[in-house]
Structure formats: C-alpha cells, structure tokens
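Sequential numbering from 1 applies to the sequence shown in the numbering used here. The structure appears right after this line, and notes come after that.
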Amino acid sequence: MRNVVSLNENWTLTFPKGERPAEAVTLPHTWNAVDGMDGNGSYLRTTGVYTRTFTAPKQPLAGGRTYIEVLAAALSATVKVNGTVATTHEGGYSIFRADVTDLCHDGENELTIEVSNEDTPSMYPSSADFTFYGGLYRGVNLISVPNTHFDLDYFGGPGIKVTPKPAADGGATFEIKSYVTNPDENFTVQYSIEDPYGFEVASATQIVQRKGRVE
Numbered sequence: 001m002r003n004v005v006s007l008n009e010n011w012t013l014t015f016p017k018g019e020r021p022a023e024a025v026t027l028p029h030t031w032n033a034v035d036g037m038d039g040n041g042s043y044l045r046t047t048g049v050y051t052r053t054f055t056a057p058k059q060p061l062a063g064g065r066t067y068i069e070v071l072a073a074a075l076s077a078t079v080k081v082n083g084t085v086a087t088t089h090e091g092g093y094s095i096f097r098a099d100v101t102d103l104c105h106d107g108e109n110e111l112t113i114e115v116s117n118e119d120t121p122s123m124y125p126s127s128a129d130f131t132f133y134g135g136l137y138r139g140v141n142l143i144s145v146p147n148t149h150f151d152l153d154y155f156g157g158p159g160i161k162v163t164p165k166p167a168a169d170g171g172a173t174f175e176i177k178s179y180v181t182n183p184d185e186n187f188t189v190q191y192s193i194e195d196p197y198g199f200e201v202a203s204a205t206q207i208v209q210r211k212g213r214v215e
C-alpha cells in the first residue's frame, strides 16, 4: 500500500540574495508569474528557498520507507530534511524523489527545497525563446510505503509500466512490467484489470524474479 499526502500548503519562500522579501506561498508556485510574462527577458533568475514542516508518517509495517516526491523544480533543486541533504536534481521538467526515512524523527521535521532557475551552462537548454520559470511549479508529496514496494527510485517512475497492444480480433492485450524493491523470496504480484463499471475483466499473478522485475 502506497500512502500519498500532499505537501502543497504552508510554505515560506525566501531569497538568499535578497531580491525580494519572504512570502507565504502555496504550491504550485513560480516566482516569475508576473515578470516572466513581460516578454523582454529581464525576469528574475535566481535561487529561491522553500521551507515548511511536516510530520513523518507512522509506518504500518516494520521497515517501511518515507519519500519526498517533487513533481517538478525549475531548473535545479537541493532537498534537505532537518538540515541534511537528501538529494539533488538537475532538470526542471521531471519528477524526482528522495528516501528521507533515516533523516526524519518523531514530531515535526523541517523540509527545505532550494530551487534555482539561474543560467547554468551544464544544464540543457540554458537559453531559449521562452521563460525559464523558477520554482516548485507542480507540487510536492509525502509518500510512505512498506519495505517491499513498487520501485520509487528509478527516475521518478511509478514502478509499473503498462503497454496496450491491439489484437487482430479487435480486442486488446496488455503487457505489464513491474519493478519491485526488496521482494522476499517467492514474492508475488497480483494484477486486476477492471472495466469502467468496476467489474474485473482480466487478472494475473506472477512471482517476482530477476532482481525485482516482473513481466
């Protein structure tokens, strides 16, 4: 079971270089909502620091893991929990996650995400005919999972890949690939496909093999 809690509320945004005063914000957010629309290319490209607190979820099973999921941070980001770096990410258009289990403690924890939309030649593209909006412009989630779970560490993917394939008779089949983290021996994955009315139309069960991969 994967439990997902939105962390989009109650953020404070500060600018270490002092370009603007601190402000309370709700995600999704960009600091270029106004100046990024003037068309003259003079919008603010800097580092903004988003901060809020959260309570680490109580894991229902021993060995459970806690993740911070960032749906997008433009253009690069550093995620910290209680002052310790959990992960860094370059590229402003993709999901990334950090396992923060060992950085959390009981009670309130401080989450800080430093985001930069500064011109950085090591990241492509560094210039274009559009605005490089800075900020957390999609949202942030807190995810808790048991020790054995669909993979959350592979490039922000969901851990499951479903590919529909048309059949000659007008029907369709589905190819499903699953990636499981920390599977026990003979661990099985059960699939159930339902129609729009909630009735099961197909099902399958497979044993996890090949280092957690199921096809």
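Ideal Cβ placement from N, Cα and C applies to all residues, glycine included. No experiment lies behind these values; they were computed from the predicted model shown.
Within the model, the alpha-carbon separation for W31 versus T131 is close to 12 Å. By the 16-neighbour rule on beta-carbons within 10 angstroms, A72 is buried. Proximity to R45 across T163, T181 and G134 peaks at G134, based on C-alpha coordinates. Counting the other CB atoms within 10 Å of its CB gives I207 a total below 16, which places it among the exposed residues. The beta-carbon separation of S178 and V189, rounded to 5 Å, stays under the 8 Å limit for a contact. Separation of the CB atoms of T51 and T112 is rounded to 5 Å, and the pair is thereby assigned contact status at 8 Å. Three or more beta-carbon pairs separated by less than 8 Å are not found between the stretch 81-100 and the stretch 18-31, which leaves the two stretches without contact.
A direct Cα-to-Cα measurement between G107 and F54 gives close to 8 Å.
By the criterion of a C-beta distance shorter than 6 Å, V5 is surrounded in its chain by L142, once the five residues flanking it on both sides are discounted. Boundaries of the beta strand (DSSP E) harbouring R52: T47 to T55, taken from the DSSP string. Straight-line spacing of the CA atoms in F174 and G41 works out to 47 Å. M123 and N186 have their C-alpha atoms spaced approximately 43 Å apart. For the set S127, H149, T163 and I95, the Cα lying nearest the Cα of I68 is the one of I95. When the beta-carbon positions are compared, D38 and R65 stay at least 8 Å from each other. A Cβ-Cβ contact shorter than 8 Å links N109 with V81. Between the alpha carbons of I193 and S127 lies a distance of about 45 Å.
Out of G198, Q209, P196 and Y191, the CA that lies nearest to the CA of D184 is found in Q209. Per DSSP, D99 is one residue of the beta strand (DSSP E) stretching across F96 to D99.
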